[in-house]
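> To convert, count from 1 in the sequence shown and add 157; that's my numbering.
Backbone N, C-alpha and C define an ideal beta-carbon position, used for all residues, glycine too.
Owing to the predicted nature of the structure, the values given are computational and were not obtained by experimental measurement.
Can you keep this structure in mind? I'll have questions shortly.
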Amino acid sequence: MPDPATPAAGQVWSAQGYAANAGFVPLLAADLLDTLAPQPGEAILDLGCGDGVLTARIAAAGASVTGLEPDPALAAAARARGIAVLERDAHQPFGAAAYDAVFSNAALHWMRAPETVHANIARALRPGGRLVAEQGGFGNIAAIVTAMKAALQAERLPERARNPWDFPSPTLQRERLERAGLQVTEMRLFPRPTPLPTGMAGWLETFAGPFLLGLPEQTRARVLERALALLSDLQDPREGWIADYVRLRFTAVKPG
């Protein structure tokens, strides 16, 4: 049973759906591994490892890598790749001075109490250890969020018309990390217009759960249809659907 004290974005995952509709997520952040530069023998935690695609690449570099993933389906997919997985929520402590590095891609924006997570990261790192992460940043998928809000308000569901994700500005994220006791060494916000291989409908099927969870099927269908109509300007006649991604990439070290 979910812990009521743990903040949640309200997302339910499908490992198969994620692979089909969101396989671009680990691919687009592959160069983040160059920043991590995993070394043989290092103890590394992949926070929010998902189905383990990038985690397996960290392991291939010779590091001793552990994934952290709260969703049972995604954790099982990561284990199927041979990854050791802590099946828990990052809002709960996950180690003390246990890791040389914490890596995270496209996971931190799902966490509703980021300062708690940052404190847990700082606690889990050894002195001199590093955090290497990328997440949605300020302005990420703004058009998609606005369309979903408008579609929900049209159904007289204003209580659902809020952004379920955490997309901070560089200034805010730097302040948070420093309060956790980490020294920021890089902080960069940049646009990444992202082609969607299964279109906007596939993206919404995979990621829009926090807006739609528990709605009757007919209401859900109307919301998605209206949102897709509002988002039509993100569909290029030649290149297809393009999501308005903005990413926040940062590194930090634990003094010591």
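Could you please give the first and the last residue of the uninterrupted beta strand (DSSP E) stretch that includes M344?
Against the sequence shown, residue 344 aligns to sequence position 187. Its beta strand (DSSP E) spans residues 340 to 352.
> Quick check on DSSP: helix, strand or coil for D191?
Here residue 191 refers to the residue found at position 34 of the sequence shown. In this structure, D191 counts as helix in the three-state DSSP scheme.
> Using the beta-carbon count (16 or more within 10 Å), is F347 buried or exposed?
Looking up residue 347 in the sequence shown gives position 190. Counting Cβ neighbours within 10 Å, F347 comes out exposed, since fewer than 16 surround it.
> In angstroms, rounded to a whole number, what distance separates the CA positions of E248 and A264?
Within the sequence shown, residue 248 is the residue found at index 91, counting from 1. Within the sequence shown, residue 264 is the residue found at index 107, counting from 1. The question names Glu, yet the displayed sequence has His at residue 248. Whole-angstrom Cα-Cα distance: 12 Å.
> Does Q375 have its Cβ less than 9 Å from a Cβ in chain D?
Within the model displayed, chain D is absent; a lone protein chain is all it includes.
> Would you call the CB atoms of A300 and L385 closer than 9 Å?
Residue 300 sits at position 143 when you count from the first residue of the sequence shown. Residue 385 sits at position 228 when you count from the first residue of the sequence shown. Not a contact, by the Cβ cut-off of 9 Å.
> Rounded to the nearest angstrom, what separates G338 and L282 at their Cα positions?
One-based indexing of the sequence shown puts residue 338 at position 181. One-based indexing of the sequence shown puts residue 282 at position 125. Distance between the alpha carbons of G338 and L282 is about 11 Å.
> Leaving out five residues before and five after A276 in sequence, what residues of the same chain have Cβ atoms less than 7 Å from its Cβ?
By 1-based counting over the sequence shown, the position of residue 276 is 119. The residues are A337.
> Look at the Cβ atom of L288, then the Cβ atom of A254, and state whether they are nearer than 9 Å.
Translated into positions along the sequence shown, residue 288 becomes position 131. Translated into positions along the sequence shown, residue 254 becomes position 97. No.
> D188: buried (16+ other C-beta within 10 angstroms of its C-beta) or exposed?
By one-based count along the sequence shown, residue 188 stands at place 31. Looking at its Cβ environment, which holds fewer than 16 other Cβ atoms inside 10 Å, D188 is exposed.
> Name the DSSP beta bridge partners of R287, please?
Counting from one through the sequence shown, the residue named residue 287 turns up at place 130. A258, V410, per the DSSP bridge assignment.
> Please say whether G294 and F251 have beta carbons closer to each other than 9 Å?
Position 94 of the sequence shown, counted from the first residue, corresponds to residue 251. Position 137 of the sequence shown, counted from the first residue, corresponds to residue 294. Result no, Cβ atoms of F251 and G294 do not sit closer than 9 Å.
> DSSP three-state label for L372, please.
Counting from 1 along the sequence shown, the entry for residue 372 is found at position 215. In the structure shown, L372 sits in coil (DSSP, three-state: anything other than H, G, I, E or B).
> Applying the criterion that 16 or more other CB atoms from any shown protein chain within 10 Å of the CB defines a buried residue, is A378 buried or exposed?
The sequence position of residue 378 within the sequence shown is 221, counting from 1. Flag for A378 reads exposed.
> Leaving out five residues before and five after T342 in sequence, what residues of the same chain have Cβ atoms less than 7 Å from its Cβ?
Working through the sequence shown from its first residue, we reach residue 342 at position 185. Excluding positions up to five away in sequence, the list reads T408, A409, V410.
> How far does the alpha helix (DSSP H) with I201 in it reach, from first residue to last?
Counting from 1 along the sequence shown, the entry for residue 201 is found at position 44. Run containing I201: none in the alpha helix (DSSP H); it sits in the beta strand (DSSP E), 200 to 204.
> With 16 as the cutoff for other CB atoms within 10 Å, does D390 come out buried or exposed?
The count along the sequence shown starts at 1 and reaches residue 390 at position 233. Exposed, since its Cβ has fewer than 16 Cβ neighbours within 10 Å.
> Should A218 and Q196 be called a contact, given that it needs their Cβ atoms to be closer than 9 Å?
For this step, residue 218 is matched to residue 61 along the sequence shown. For this step, residue 196 is matched to residue 39 along the sequence shown. The answer is yes: Cβ separation under 9 Å.
> When we look at the beta-carbon of D191 and count the other beta-carbons within 10 Å, is it buried (16 or more) or exposed?
Taking the first residue of the sequence shown as 1, we reach residue 191 at position 34. D191 is exposed by the Cβ-count criterion.
> Which whole-angstrom value is the C-beta distance of L225 and D203, which I expect to be below 8 Å?
Position 68 of the sequence shown, counting from 1, holds the residue named residue 225. Position 46 of the sequence shown, counting from 1, holds the residue named residue 203. The Cβ separation is near 7 Å, so the contact holds.
> So, is D393 buried or exposed, given that buried needs 16 or more other C-beta atoms within 10 angstroms?
Your numbering for residue 393 matches position 236 in the sequence shown. It is exposed - the Cβ of D393 has fewer than 16 other Cβ atoms within 10 Å.
> Answer with buried or exposed for R406, where buried requires no fewer than 16 other C-beta atoms within 10 angstroms of its C-beta.
Your numbering for residue 406 matches position 249 in the sequence shown. So R406 counts as buried.
> If I follow the unbroken alpha helix (DSSP H) through L309, where does it start and stop?
Here residue 309 corresponds to residue number 152 of the sequence shown, with the count starting at 1. 299 to 311 is the extent of the alpha helix (DSSP H) around L309.
> Do R236 and V210 have their C-beta atoms within less than 9 Å of each other?
Residue numbering aside, residue 236 sits at position 79 when the sequence shown is read from its first letter. Residue numbering aside, residue 210 sits at position 53 when the sequence shown is read from its first letter. No, these two residues do not count as a Cβ contact at 9 Å.
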